[in-house]
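Each residue of the sequence shown is one higher than the last, beginning at 21 in our numbering. Every residue, glycine too, gets a C-beta built ideally from N, C-alpha and C. Keep in mind the model is a prediction, meaning the values are calculated, not measured. Before any comments, here is the structure.
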Amino acid sequence: MNIEQQIAGAIAAGLRKFYGGDTPAEQIALQKTKKEFKGHLTLVVFPFLRISKKTPEQTAQEIGQYLAEHCPEVTEFNVIKGFLNLTLDASCWMGLLREINQTPHYGTTPVAENAPLVMIEYSSPNTNKPLHLGHVRNNLLGYSLAEILRANGYRVVKTNIVNDRGIHICKSMLAWKKWGNGETPQSSGKKGDHLVGEYYVLFDKYYKQEQERLQGTGLTKEEAETQSPLMAEAREMLRQWEAGNNDVVSLWKTMNAWVYTGFEETYKNLGVDFDKIYYESETYLEGKNEVLRGLAEGIFYRKPDSSVWADLSADGLDEKLLLRADGTSVYMTQDIGTAKLRFKDYPIDKMIYVVGNEQNYHFRVLAVLLDKLGFAFGKGLVHFSYGMVELPEGKMKSREGTVVDADDLMVGMWQTAYEISKELGKLNEITPPEAENILRIIGLGALKYFILKVDPRKNMTFNPRESIDFNGNTASFIQYTHARICSLLRKAADLKIESPHGEFPSSLPLSEKEIDLIRQLAAYPAVVQEAGASYSPALIANYVYDLVKEYNQFYHDFSILRQEDLALRNFRLLLSSNVAGVVKSGLSLLGIEAPERM
């Protein structure tokens, strides 16, 4: 039972004694006392005036007097109008710190074998281009959400759906076939996903030139698009792929293999992984069969051009294409098949899709279609919709090659970390191998934190240099504080100071800053729970920053190793150790490492 619960129980007893009735302790809300008033906890007494039949001041005075006489945790109180401010004995805070220190994996909930199973889909790359900054936000949100839900006691399966088929894939294949001259990752020295991405951009270049020529003959933009020979070739290649043409399928396998090797390297460097990967080439037929079943059962209908549609107007939506006139699938068809296979493979209690807000409508439709097809899980799907990430100069466009490549971004972050660390002299006392590893941790941590500290539902602008600041709301500031505490604890060990376990005299004088730090530590489990309930890594990020900011003020204002009162010195070491533990735990939920040296 925490301190607030103890005090609330005592207040409930006081209310019964003075005014009768039965007010449950869980309905008694205590809040942190405002800084301009003396006290630690404040009770707003206005809700109890209906049973006290007295003024707010009289009611607060009587409750305060009762607590002073019957609750040893309360040492004094004061009344400001209808607010009862309570000052608690130092032993309460020391006991709370002791409890935190003795709790394994503090702040998180162990995962039981029968815990609900949550599947989280994130990444969802196309095999026609490398991962870019938009994918980075997606991957970091998905991975962090998985860690947060696991910390809340859920079993979690992290999954990826690779978009490895479709017209966009054929565009890269056709461009390579026409203009590649047999180029490979080995012959070019390029990462496979980068190489394939270049041909996707090349297709768009020649397609635009073709469009200009056709419009130059007097065709409208729409007519030029309809009569495009290049696009017709790409569509024919897609039809041949779906028909199983050996040459097309062989080329598809070869180029996809290049991309997968590139993706694996990027995922490893980014520090994300998956428990199960699905491929649209293996799920689209399942979806196609479900659509044809829905057609046969009268759920869907066929237009005169042979395309298959769903009329969702009765559900407040519009008509949705499910199969094109030539019989090829669309994304919706593939998602139906993927969802069916996933629920067949796993006993999923909740399915969460981490996909940008540009697809909000798509997932509304998917949920309705699955429900209409008779899948019980349809309406329970969760779309974790997040905002787009842009650069200071604006939006990125894959076709035009104006994206920020994920690999280049990570290298750039490490370089930025090196430049800033060198300017500040933070690399002077470590070996080159240590420096290389620390710079990787700093650069990657800066990237992750800068993205995750923002409310995921908001659009954001990414600025690399702003993300690395040893004095601002950044991972670098947080990591440096963690390393500072680790250094403090190492020095204590060198001085043969035994690690304290929380046994301190009740007369130990604690400052308000120390009490505030303990209170912030005590709030960590609730923050983890709220982050899981609201799907918001930003709550973790900003909690850790506030904790570190508070600790740095404490570190600046109070002596620790040089404190002459040995009990107080040991208390401050224990407090510092637990701050470091919570910082490391919080960062881990964001996928960020907490170095012990910087």
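Three-state secondary structure assigned by DSSP to residue i
i, result
"residue 590", "helix"
"residue 477", "coil"
"residue 267", "helix"
"residue 62", "strand"
"residue 299", "strand"
"residue 530", "coil"
"residue 46", "helix"
"residue 537", "helix"
"residue 90", "helix"
"residue 85", "helix"
"residue 618", "coil"
"residue 260", "helix"
"residue 243", "helix"
"residue 273", "helix"
"residue 121", "helix"
C-beta atoms of residue i and residue j nearer than 7 angstroms
i, j, result
"residue 183", "residue 146", "yes"
"residue 612", "residue 465", "yes"
"residue 180", "residue 294", "yes"
"residue 366", "residue 141", "no"
"residue 609", "residue 168", "yes"
"residue 93", "residue 109", "yes"
"residue 127", "residue 548", "yes"
"residue 104", "residue 80", "yes"
"residue 376", "residue 304", "no"
"residue 65", "residue 76", "yes"
N-terminal and C-terminal residue of the beta strand (DSSP E) that residue i is part of
i, result
"residue 330", "328 to 331"
"residue 406", "402 to 406"
"residue 182", "175 to 182"
"residue 555", "Premise fails: residue 555 is in no beta strand (DSSP E) and is neither H nor E."
"residue 95", "94 to 100"
"residue 141", "137 to 141"
"residue 108", "103 to 108"
Residue i burial status per 10 Å Cβ neighbour count (16 or more: buried)
i, result
"residue 22", "exposed"
"residue 381", "exposed"
"residue 399", "exposed"
"residue 189", "buried"
"residue 581", "exposed"
"residue 125", "exposed"
"residue 5", "Residue 5 is absent from the structure shown; the chain starts at 21 and stops at 618."
"residue 268", "buried"
"residue 499", "buried"
"residue 556", "buried"
"residue 199", "exposed"
"residue 339", "exposed"
"residue 545", "buried"
"residue 241", "exposed"
"residue 551", "buried"
"residue 417", "Only weak support is given to the placement of residue 417: the predicted model assigns it a pLDDT of 49, under 50, and the value that follows is read from those uncertain coordinates. Exposed, because fewer than 16 other Cβ atoms sit within 10 Å of the Cβ of residue 417."
"residue 452", "exposed"
"residue 574", "buried"
"residue 139", "buried"
"residue 192", "buried"
"residue 599", "buried"
Range of the contiguous alpha helix (DSSP H) that encloses residue i
i, result
"residue 457", "452 to 472"
"residue 436", "426 to 443"
"residue 154", "153 to 171"
"residue 39", "23 to 39"
Whole runs of the beta strand (DSSP E) within the region 307 to 380, excluding any shorter than 3 residues:
328 to 331, 339 to 343, 370 to 376
Counting only runs of 4+ residues fully inside the region 193 to 240, write out the alpha helix (DSSP H) ranges in chain order.
205 to 208, 212 to 236
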